[in-house]
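The next block holds one structure in the form of structure tokens; read it before the comments.
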Amino acid sequence: MGACLGVCSLLSCVSCLCGSAPCLLCGCCPSARNSTISRLIFTFFLFLGTLVSIIMIIPGVENHLYKLPGFCKGGSQILGVEGHVNCNSFLGHKSVYRMGFAMAAFFFLFALIMICVRSSKDPRAAIQNGFWFFKFLILIGITVGAFYIPDGSFTSVWFYFGVVGSFFFILIQLILLIDFAHSWSQIWLRNADEGNAKGWYAGLFFVTFIFYAASITAVVLLYVYYTKHDGCTENKVLISLNLIFCVIISVVSILPKIQNAQPHSGLLQASLITLYTMFITWSALANVPNKSCNPTLLVRNSTATPVAEGHVTMWWDAPSIVGLVIFVLCTLFISIRSSDHAQVNKMMLTEEGPGAVGSGGASLEDGVHRAYDNEQDSVSYNYSFFHLCLVLASLYIMMTLTNWYRPDEHFQTMSSPWTAVWVKISSSWAGLLLYLWTLVAPLVLPDRDFS
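Quick note, the sequence shown lines up with residues -16 to -1, 1 to 435 if you use mature numbering (1 follows the signal peptide of the UniProt record, and there is no 0).
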């Protein structure tokens, strides 16, 4: 009897892996939307690829691989048999570029397949929300194929794809941050109107003060460590410009006309955007190729580990670690977000149609929780755009793990180009302009609904 139950359980698991998202929820999990579960599983695929990239770039991993008998070429031999695997292809920056290519290709494939899916009645919606085992096999196949791509100029060319994709993903991070800041302010102000007003206003003041204090501290530290009295003019200009722009958006956010058009706008949102802008500025300055103006290069060089064939494996510094944390939070937010702001929904191509609300099938009669189909009338998010966001996220994490370093065609050296600096700085300017637009849009276009 136990054997029969075991076989049935195994068959059930296999059917779930080949079927739809509802099967993947355990009995103790709360009921959830089918669309949310699917996004979380795709995000898990992205995080899994990121984890593999992190393992392959850890210093010292190659030395342990070379100790495996008969595994790596040129490594330890067992019974006189030399290994047939070139371990250099699986480690260092080269492996991160190839893993990033595999993840980007995987999500881009699904972005093409899911074009113009309007509801779960479309047969392609079943592909989006199911067949997870086969999707995992596809991802593994693309990853294996990526490591067979000849070196040549692949990494040099793919670097520029990563730069462009990272630029757009930073903008997506800004949009999500703006959405989060507006929602945060609205909730606290609504609570202030309904209850203890002094407590909620004190909380708003305290959080805003902390954000601005952290931003001012960041500006001071950037001037101290990334500029010199008689040099580093470019760094001084970039820090000063972003500081001025942040002051401008802070002033605009509390202007009487802006407050009348958007009563929930204020310094909380501006302080959060300012703090994020200072982080982007710090991240940009960490890629300045001038060693005398960039102490981060000294840290990177001190933690660099030379390996065979001129490859360099480097551990991450503080900007990269913070960027990795922000990447994880923003990617999760993309997977579970459901904005109440029409303007943000339009920018993120999110639809809150009638299919997004409903509880039919949320729980079976026996009380077991399951995911339920909430997209029978219309999808709750744009499938293709979601996968494109994951494509950009794959490119962003690829650049983050490699510190935005550019390899030469033979991958003998790694350099930090000005390209990375200007991409990050320009993305911060674009983000500030985008936030400014969310403030002035109701005044410029009074006939449109920006609630």
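For each residue, glycine too, the CB sits at the ideal point set by N, CA and C.
- Buried/exposed call for isoleucine 171, threshold 16 Cβ in 10 Å: Here residue 171 refers to the residue found at position 187 when the sequence shown is read from its first residue. Classification for isoleucine 171: exposed.
- Message: I need the straight-line Cα distance from asparagine 278 to tyrosine 389, nearest angstrom please.
- Response: Here residue 278 is taken as the residue at index 294 of the sequence shown, counted from 1. Here residue 389 is taken as the residue at index 405 of the sequence shown, counted from 1. When rounded, the distance between both Cα atoms is 14 Å.
- Task: Could you tell me the boundaries of the alpha helix (DSSP H) in which asparagine 113 lies?
- Result: Sequence index remark: in the sequence shown, residue 113 carries index 129 (1-based). Unbroken alpha helix (DSSP H) run through asparagine 113: 107 to 113.
- Report the option in Gln112, Leu206, Leu35, Phe85 whose CA atom is closest to the CA atom of asparagine 366. Within the sequence shown, the letter at position 382 stands for residue 366. Per the C-alpha coordinates, the member of Gln112, Leu206, Leu35, Phe85 positioned closest to asparagine 366 is Gln112.
- Message: Would isoleucine 242 and leucine 427 qualify as a contact pair, given that the criterion is a beta-carbon distance under 9 Å?
- Response: As a first step, residue 242 must be located in the sequence shown, where it is residue number 258. As a first step, residue 427 must be located in the sequence shown, where it is residue number 443. Yes; because the gap between Cβ atoms is below 9 Å, this pair is in contact.
- Is the beta carbon of alanine 86 less than 9 Å from the beta carbon of threonine 127? By one-based count along the sequence shown, residue 86 stands at place 102. By one-based count along the sequence shown, residue 127 stands at place 143. Using a Cβ distance threshold of 9 Å, alanine 86 and threonine 127 count as a contacting pair.
- Message: As a quick exercise: from Ile264, Phe152, Ala181, pick the residue whose alpha carbon is nearest that of residue 444.
- Response: Given that the chain is displayed from residue -16 to residue 435, the structure contains no residue 444 and the question cannot be resolved.
- Query: Secondary structure at arginine 390, three-state DSSP: helix, strand or coil?
  - Reply: Position 406 of the sequence shown holds residue 390. Three-state DSSP puts arginine 390 in a strand.
- Message: What does the Cβ neighbour count give for tyrosine 185, buried or exposed, with the cut at 16 atoms within 10 Å?
- Response: In the sequence shown, residue 185 corresponds to position 201, counting from 1. By the neighbour-count rule (16 or more Cβ atoms within 10 Å), tyrosine 185 is not buried but exposed.
- Message: Using beta carbons (cut-off 9 Å, strictly below), is valine 203 in contact with chain B?
- Response: Protein chains in the displayed structure number just one, and chain B is not present.
- Item | Backbone secondary structure at glycine 146 - three-state DSSP | The sequence position of residue 146 within the sequence shown is 162, counting from 1. The answer is helix: DSSP assigns glycine 146 an H, G or I state.
- Item | Candidates Phe193, Pro430, Leu35: closest to alanine 245 by CA position | The residue labelled residue 245 in the question sits at position 261 within the sequence shown. With distances taken between Cα atoms, alanine 245 lies closest to Pro430.
- Decide if the region 20 to 35 is in contact with the region 372 to 383; the criterion is three or more beta carbon pairs, one per stretch, under 8 Å apart. Yes, since at least three Cβ pairs between the region 20 to 35 and the region 372 to 383 fall closer than 8 Å, the two stretches touch.
- Item | methionine 98 - containing alpha helix (DSSP H), residue span | The count along the sequence shown starts at 1 and reaches residue 98 at position 114. That residue, methionine 98, is in no alpha helix (DSSP H); it is neither H nor E in DSSP.
- Counting pairs of beta carbons, one from the region 223 to 231 and one from the region 163 to 182, are three or more of them closer than 8 Å? no
- Query: Do cysteine 373 and isoleucine 21 have their C-beta atoms within less than 9 Å of each other?
  - Reply: Counting from one through the sequence shown, the residue named residue 373 turns up at place 389. Counting from one through the sequence shown, the residue named residue 21 turns up at place 37. In terms of Cβ geometry, cysteine 373 and isoleucine 21 do not form a close pair [threshold 9 Å].
- Nearest-angstrom Cα distance between methionine 382 and alanine 176? Taking the sequence shown and counting its residues from 1, one reaches residue 382 at position 398. Taking the sequence shown and counting its residues from 1, one reaches residue 176 at position 192. If I take the Cα positions, the gap works out to 43 Å.
- Message: What does DSSP give as the partner residue(s) for lysine 212 in the beta ladder?
- Response: Within the sequence shown, the letter at position 228 stands for residue 212. Answer is Gly215.
- Item | C-alpha gap between phenylalanine 153 and arginine 82, whole angstroms | To locate residue 153, count along the sequence shown from 1; it is residue 169. To locate residue 82, count along the sequence shown from 1; it is residue 98. Cα-Cα distance, rounded: 19 Å.
- Query: Can arginine 23 and valine 363 be called in contact, C-beta distance under 9 Å?
  - Reply: Locating residue 23 in the sequence shown gives position 39, counting from the first residue. Locating residue 363 in the sequence shown gives position 379, counting from the first residue. No.
- Message: Just verifying my parser: in three-state terms, what is the DSSP assignment at asparagine 244?
- Response: Start at 1 with the first residue of the sequence shown, and residue 244 comes out as number 260. Asparagine 244: helix per DSSP, three-state reduction.
- Nearest-angstrom Cα separation, counted from alanine 109 out to glutamate 349: Counted from its first residue, the sequence shown places residue 349 at position 365. Counted from its first residue, the sequence shown places residue 109 at position 125. Bear in mind that the predicted position of glutamate 349 carries a pLDDT of just 45, short of 50, making it unreliable; the figure below should be weighed with that in mind. Whole-angstrom Cα-Cα distance: 26 Å.
- Message: Could you compute how far the alpha carbon of phenylalanine 117 sits from the alpha carbon of phenylalanine 29?
- Response: Within the sequence shown, the letter at position 133 stands for residue 117. Within the sequence shown, the letter at position 45 stands for residue 29. Each residue's Cα considered, the two are about 11 Å apart.
- Would you report the Cα separation of histidine 371 and alanine 404, rounded to the nearest angstrom? Locating residue 371 in the sequence shown gives position 387, where the first residue counts as 1. Locating residue 404 in the sequence shown gives position 420, where the first residue counts as 1. Distance between the alpha carbons of histidine 371 and alanine 404: 24 Å.
- Message: Along the chain, where does the alpha helix (DSSP H) containing asparagine 18 start, and where does it finish?
- Response: For the purposes of this step, residue 18 is taken as residue 34 along the sequence shown, with counting starting at 1. Unbroken alpha helix (DSSP H) run through asparagine 18: 18 to 41.
- Out of curiosity, what's the CA-to-CA distance linking phenylalanine 151 and serine 411? By 1-based counting over the sequence shown, the position of residue 151 is 167. By 1-based counting over the sequence shown, the position of residue 411 is 427. Between phenylalanine 151 and serine 411, the C-alpha separation is close to 6 Å.
- Message: If you reduce the DSSP assignment to three classes, tell me which class phenylalanine 131 lands in.
- Response: Here residue 131 is taken as the residue at index 147 of the sequence shown, counted from 1. It is coil, neither helix nor strand.
- Query: Near leucine 252, what residues of its chain come up, given a Cβ to Cβ distance below 7 Å and the 5 sequence neighbours on each side ignored?
  - Reply: Along the sequence shown, one-based indexing puts residue 252 at 268. Only Ala165, Trp168, Ser169, Leu188, Val191, Thr192 meet the Cβ criterion.
- Query: Can the beta-carbon of leucine 420 be found closer than 9 Å to that of isoleucine 232?
  - Reply: Start at 1 with the first residue of the sequence shown, and residue 420 comes out as number 436. Start at 1 with the first residue of the sequence shown, and residue 232 comes out as number 248. Cβ distance < 9 Å, so leucine 420 and isoleucine 232 count as in contact.
- Return the CA-CA distance between lysine 275 and serine 255, expressed in angstroms with no decimal places. For the purposes of this step, residue 275 is identified with residue 291 of the sequence shown, where counting begins at 1. For the purposes of this step, residue 255 is identified with residue 271 of the sequence shown, where counting begins at 1. Answer to the nearest angstrom: the Cα atoms are 31 Å apart.
- Message: Quick check on DSSP: helix, strand or coil for leucine 427?
- Response: Reading the sequence shown from its first residue, position 443 is the one you call residue 427. DSSP places leucine 427 in helix when its eight states are reduced to three.
- Query: Per DSSP, what kind of secondary structure is proline 273 in: helix, strand or coil?
  - Reply: Along the sequence shown, read from residue 1 onward, the residue named residue 273 stands at position 289. Coil at proline 273, not helix or strand.
- Task: Give the secondary structure of tyrosine 365 by DSSP, where H, G and I count as helix, E and B as strand, and everything else as coil.
- Result: Residue mapping note: residue 365 aligns to position 381 of the sequence shown, counting from 1. The answer is coil: DSSP assigns tyrosine 365 none of H, G, I, E or B.
- Task: Let me know the secondary structure DSSP gives glutamate 293 once reduced to three states.
- Result: Numbered from its first residue, the sequence shown carries residue 293 at position 309. Confidence is the limiting factor: at glutamate 293 the pLDDT is only 44, short of 50, which leaves the residue's position unreliable and the question unanswerable from this model.
- 6 Å CB neighbourhood of threonine 280 in its chain, flanking five on each side removed: Taking the first residue of the sequence shown as 1, we reach residue 280 at position 296. So the qualifying residues of the chain are Ala270, Asp301.
- Task: Express the C-alpha separation of lysine 408 and serine 267 in angstroms, rounding to a whole number.
- Result: Here residue 267 refers to the residue found at position 283 of the sequence shown. Here residue 408 refers to the residue found at position 424 of the sequence shown. Roughly 8 Å between the two C-alpha positions.
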